[in-house]
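Asker: Here you go, one structure.
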Amino acid sequence: MAYFLQLVFAGIAQGCIYALIGLGFSIIFKASQVINFAQGELLLVGTYIVASAVLNWHLPFLLALPLGLLVTVVIGLLFERLVLRRMIGRPPFTILMITIGLDIILRTLVIVGWGSRTIPAATPFSVTSGFNVAGVHLGSSDLWTIAVTVVLCAALYYFFRHTRYGLAMRATALDQEAALAIGIDVRTVYALAWGLAAAITTLGGVLLAIDSLAIDPNFGNAALVAFPAIILGGLDSISGAVVGGVIIGLTSVLTAGYESRLPAVIGTGLHEVTPYLLMILILLIRPYGLFGSRKVERV
Amino acid sequence: MLVLQDVAVTYQNVIPALRGVSLEVPDKVVVALLGTNGAGKTTLLRAISGLLPLHRGALVGGQILFEGERIDRLSPTRIVQLGIAQVLEGRRLFEDLTVDENLYAGAITVRNPAAVRRAYDRVMSLFPNLAERRTSRAGYLSGGEQQMLAIGRALMASPRLLLLDEPSLGLAPFMVQRIRSIIAEINAEGTAVLLVEQNAQMALSVAHYGYVLETGQVALAAPAARLLQEENIRQFYLGLREGERQLALGRLRQRRAQTAERRWQA
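Protein chains in written order, with numbering that gives the first Met the number 0: chain A, 0 to 298; chain B, 0 to 265.
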């Protein structure tokens, strides 16, 4: 039982990381109907900056983190300013292709700047910190991950429901031209979406790096693991990203924890596949994801 | 109040949509803009509200003045702040948002909470139906209610000029009459209206003045009462068989030459 609870705890913590990375996708998709393929590389740049700041420049972690966030937010805002602003009204597909370009540029820059070898990740915790409850070890980093995710989600919920800009973002997501016609500054909405998404994703990346102890230029692929989470939750749904993330985290960790008891023919890589299997299964039943919006239609 | 001088608009640098349109909407007046599909009515509204770039269109000639200030290079946000609000064709509500959220989205350019409150109360007294459905999703309203919400959303910015694009489209006759009286009511409170309509009868019955657009040019401009009696307009817009349609078109073109001296002095 303790083993199972331990796995559930780890699964939720990992799910929270997927949720954070997934939130980045959702926010940008909501605002502009674009899947940002550069998401993983924003996260990559952010974690490298944080790692460098701690290990090379000897900054405290709590200073390094905002620095990393700042850099990725600036990249997101610059991208909005220099590229997206000219693309308002163009098909989402065009913008999507541009994000793939940005992805390649950022990854190359990281390799140029830091080399392609693995470097240790920055962490404010020692691996064993935390405490035990009923035989379950609650690690500090996992606890912090869960706390950060909960607080952030509450803040986002408040932002989208109860602030002018939140309303502007939701309106723009539904109908860009109508939003323009009532005077919503769509450029500000885009900038907000990119800034927010970059910051949240980077936060997820830094937490993930703490978990995995080391990073290399392929670290951005972590965003791909968040992908089943948001598809599962519904691409345009904030709560969907969170629930989807936790489901994927649990699935992956629980499979990893028990797969050694399965027949050898299945192998020990099953946990890498189960999130995708689950995603396909749920999409078969609910094609728009668990919380995704079906277009409102009158009956 | 609003003056268009020789406005020419081209889409994607090659497709002409307006070819030198001059038009005027005086203070507190309802002006009807009539014309067949593709005549350039919606393009004209887009030129005023700054939405042309979204459709890859651009003003290539002339200028647009609002209260003496050039507005044809301003952003849509700025234009709304100056006092021009547009109701797009097809209502274009934020369907997943509630009625209230749609309305408050319409007031996004208004910084003063008291002004938002006032505009909200005004909309609610103008459309009592909406008051009962404040928390329901806009997408689930009836067609008439949706049109009212679309107009209400535009009114939330407390505009001095309201641009309406086909408000009667797809509505039942009694609802068309309801929209008509709402336009009259809005106007009575001092808001000028530029009304684009296919339903010429309705438009001219509420408007003070009317323009007829034809392939991107003003074919006819006259006081609404006169347009309503105009034989060509009656034939052209109030239903006619195909053969006679050409005839009416020809006569309309003849009239265009005469409109210059008849152009209304505001």
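Even for Gly, the Cβ is constructed at its ideal location relative to N, Cα and C.
Write down the C-beta distance between Ala180 of chain A and Leu154 of chain B rounded to the nearest angstrom, noting that I regard them as a contact closer than 8 Å.
Answerer: Going by Cβ atoms, the distance from Ala180 of chain A to Leu154 of chain B rounds to 13 Å, so no, they are not a contact pair.
Asker: By the 10 Å Cβ neighbour count, where 16 or more other Cβ atoms means buried, how is Glu296 of chain A classified, buried or exposed?
Answerer: With a pLDDT of only 49 at Glu296 of chain A, under the threshold of 50, the placement of this residue in the model should not be trusted; the figure read from the coordinates follows. Answer is exposed; the Cβ neighbour count stays below 16.
Asker: Compile a chain-ordered list of the residues in the stretch 10-28 of chain B whose CB is closer than 9 Å to at least one CB of chain A.
Answerer: The residues in question: there are none.
Asker: Looking only at its chain, what residues have a beta carbon closer than 6 Å to the beta carbon of Leu239 of chain B, apart from the 5 residues adjacent to it on each side?
Answerer: Note on Leu239 of chain B: pLDDT 46, under 50, position unreliable in the model; the coordinate value appears next. Excluding sequence neighbours, Leu239 of chain B sits near nothing in its chain.
Asker: Examine chain A for any beta-carbon lying closer than 8 Å to the beta-carbon of Thr108 of chain B, and answer yes or no.
Answerer: Chain A contact via Cβ: present.
Asker: Write down the C-beta distance between Ile150 of chain B and Ser167 of chain B rounded to the nearest angstrom, noting that I regard them as a contact closer than 8 Å.
Answerer: Between Ser167 of chain B and Ile150 of chain B the Cβ distance is about 12 Å, and since that is not below 8 Å, they are no contact.
Asker: Whose Cβ in chain A lies nearer than 8 Å to the Cβ of Gln80 of chain B?
Answerer: Going along chain A in sequence order, the residues near Gln80 of chain B (Cβ under 8 Å) are Gly182.
Asker: May I ask you to list the residues that DSSP assigns as paired with Gln4 of chain B?
Answerer: According to DSSP, which records beta bridges pairwise, Gln4 of chain B is partnered with B:Gln62.
Asker: Extract the residue ranges of the alpha helix (DSSP H) inside the stretch 86-125 of chain A, only unbroken runs of 4 or more that lie entirely within it.
Answerer: Those alpha helix (DSSP H) runs which fall completely within the stretch 86-125 of chain A and span 4+ residues are 91-113.
Asker: Would you tell me roughly how many angstroms separate the C-alpha atoms of Glu241 of chain B and Val175 of chain B, rounded to the nearest one?
Answerer: Note that Glu241 of chain B scores a pLDDT of 47, beneath 50, so its modelled location is shaky; the value from the coordinates is reported in the next line. Each residue's Cα considered, the two are about 26 Å apart.
Asker: Determine, using beta-carbon pairs with one atom in the stretch 59-74 of chain B and one in the stretch 133-149 of chain A, whether at least three such pairs fall under 8 Å.
Answerer: They do not touch, by the three-pair rule.
Asker: Per DSSP, what kind of secondary structure is Gly238 of chain B in: helix, strand or coil?
Answerer: With a pLDDT of 49 at Gly238 of chain B, under the threshold of 50, the predicted position of this residue should be treated as unreliable, though the coordinate-derived value follows. It is coil, neither helix nor strand.
Asker: As an exercise, report each continuous alpha helix (DSSP H) stretch of at least 4 residues that is fully enclosed by the stretch 9-77 of chain A, in chain order.
Answerer: Qualifying alpha helix (DSSP H) stretches, in chain order: 38-54.
Asker: By the 9 Å beta-carbon criterion, what residues does the stretch 212-225 of chain A contribute toward chain B?
Answerer: Against chain B - using a Cβ distance shorter than 9 Å - the stretch 212-225 of chain A contributes no residues.
Asker: Taking Leu129 of chain B as the reference, give the member of B:Val98, B:Ala113, B:Arg77, B:Ser157 with the closest Cα.
Answerer: Comparing Cα-Cα distances from Leu129 of chain B to each of B:Val98, B:Ala113, B:Arg77, B:Ser157, the minimum goes to B:Val98.
Asker: Can you tell me the Cα-Cα spacing of Val8 of chain B and Arg160 of chain A, whole angstroms?
Answerer: Going from the Cα of Val8 of chain B to the Cα of Arg160 of chain A covers about 39 Å.
Asker: Output yes or no for whether 8 Å exceeds the beta carbon distance between Ser124 of chain B and Ile78 of chain B.
Answerer: Taking 8 Å as the Cβ cut-off, Ser124 of chain B and Ile78 of chain B do not qualify as a contacting pair.
Asker: Looking at the unbroken alpha helix (DSSP H) that takes in Gly143 of chain B, where does it start and where does it end?
Answerer: Taken as a continuous stretch (DSSP letters only), the alpha helix (DSSP H) holding Gly143 of chain B covers 142-154.
Asker: Can you find a C-beta in chain A that's less than 8 Å from the C-beta of Thr76 of chain B?
Answerer: It does; some Cβ of chain A falls within 8 Å.
Asker: Decide yes or no for the touch test of the stretch 184-202 of chain A against the stretch 7-23 of chain A: beta carbon pairs closer than 8 Å, at least 3 of them.
Answerer: As far as the Cβ criterion goes, the stretch 184-202 of chain A touches the stretch 7-23 of chain A, which means the pair count is three or higher.
Asker: Give the residues of chain A in contact with Tyr119 of chain B, contact being defined as C-beta atoms less than 7 Å apart.
Answerer: Near Tyr119 of chain B there are no residues of chain A at all, since even the closest Cβ is about 14 Å away, more than 7 Å.
Asker: Got a sec, what are the start and stop residues for the alpha helix (DSSP H) Gln228 of chain B sits in?
Answerer: Residues 223-228.
Asker: Applying the criterion that 16 or more other CB atoms from any shown protein chain within 10 Å of the CB defines a buried residue, is Tyr17 of chain A buried or exposed?
Answerer: With 16 or more other Cβ atoms within 10 Å, it is buried.
Asker: Could you pull the DSSP bridge partners for Tyr208 of chain B from this structure?
Answerer: Answer is B:Val30, B:Pro222.
Asker: Considering only the beta carbon of each residue, do Ile118 of chain A and Ala50 of chain A sit closer than 8 Å?
Answerer: In contact: Ile118 of chain A and Ala50 of chain A (Cβ atoms closer than 8 Å).
Asker: Determine the DSSP secondary structure at Thr162 of chain A, reduced to helix, strand or coil.
Answerer: If DSSP states are grouped into helix, strand and coil, Thr162 of chain A belongs with coil.
Asker: Can you tell me where the beta strand (DSSP E) with Asp164 of chain B in it begins and where it stops?
Answerer: Per DSSP, Asp164 of chain B belongs to the beta strand (DSSP E) from 160-164.
Asker: Can you confirm whether the stretch 59-75 of chain A touches the stretch 212-232 of chain A when touching is taken to mean that 3 or more C-beta pairs between the two stretches lie within less than 8 Å?
Answerer: No: the two stretches stay apart, fewer than three of their Cβ pairs being nearer than 8 Å.
Asker: With distance defined between alpha-carbon atoms, name the residue in B:Leu140, B:Met201, B:Gly89, B:Ala106 nearest to Phe173 of chain B.
Answerer: Of the candidates B:Leu140, B:Met201, B:Gly89, B:Ala106, the one whose C-alpha sits nearest the C-alpha of Phe173 of chain B is B:Met201.
Asker: State the Cα-Cα distance for the pair Leu58 of chain B and Ala63 of chain A, rounded to the nearest angstrom.
Answerer: Leu58 of chain B and Ala63 of chain A: Cα-Cα distance of roughly 49 Å.
Asker: By Cβ distance below 6 Å, which residues in the same chain neighbour Thr250 of chain A in space, the five residues on each side in sequence not counted?
Answerer: Result list for Thr250 of chain A: Thr273, Pro274, Leu277, in chain order.
Asker: If we count the other Cβ atoms within 10 Å of its Cβ and call it buried at 16 or more, is Trp113 of chain A buried or exposed?
Answerer: Buried.
Asker: Is there a Cβ from chain B that is less than 8 Å from the Cβ of Leu179 of chain A?
Answerer: Yes, Leu179 of chain A counts as interfacial toward chain B.
Asker: Based on Cα-Cα distance, which residue from B:Asp5, B:Tyr119, B:Val115 lies nearest to Val217 of chain B?
Answerer: Of the listed residues, the one whose Cα sits closest to Val217 of chain B is B:Asp5.
Asker: Please classify Arg55 of chain B as buried or exposed, where buried requires at least 16 other C-beta atoms within 10 Å of its C-beta.
Answerer: Answer is exposed; the Cβ neighbour count stays below 16.
Asker: Ignoring anything shorter than 4 residues or poking outside the stretch 130-214 of chain A, list the alpha helix (DSSP H) runs there in chain order.
Answerer: For the stretch 130-214 of chain A, whole alpha helix (DSSP H) runs of length 4 or above, ordered along the chain, are 139-161, 163-173, 175-180, 185-211.
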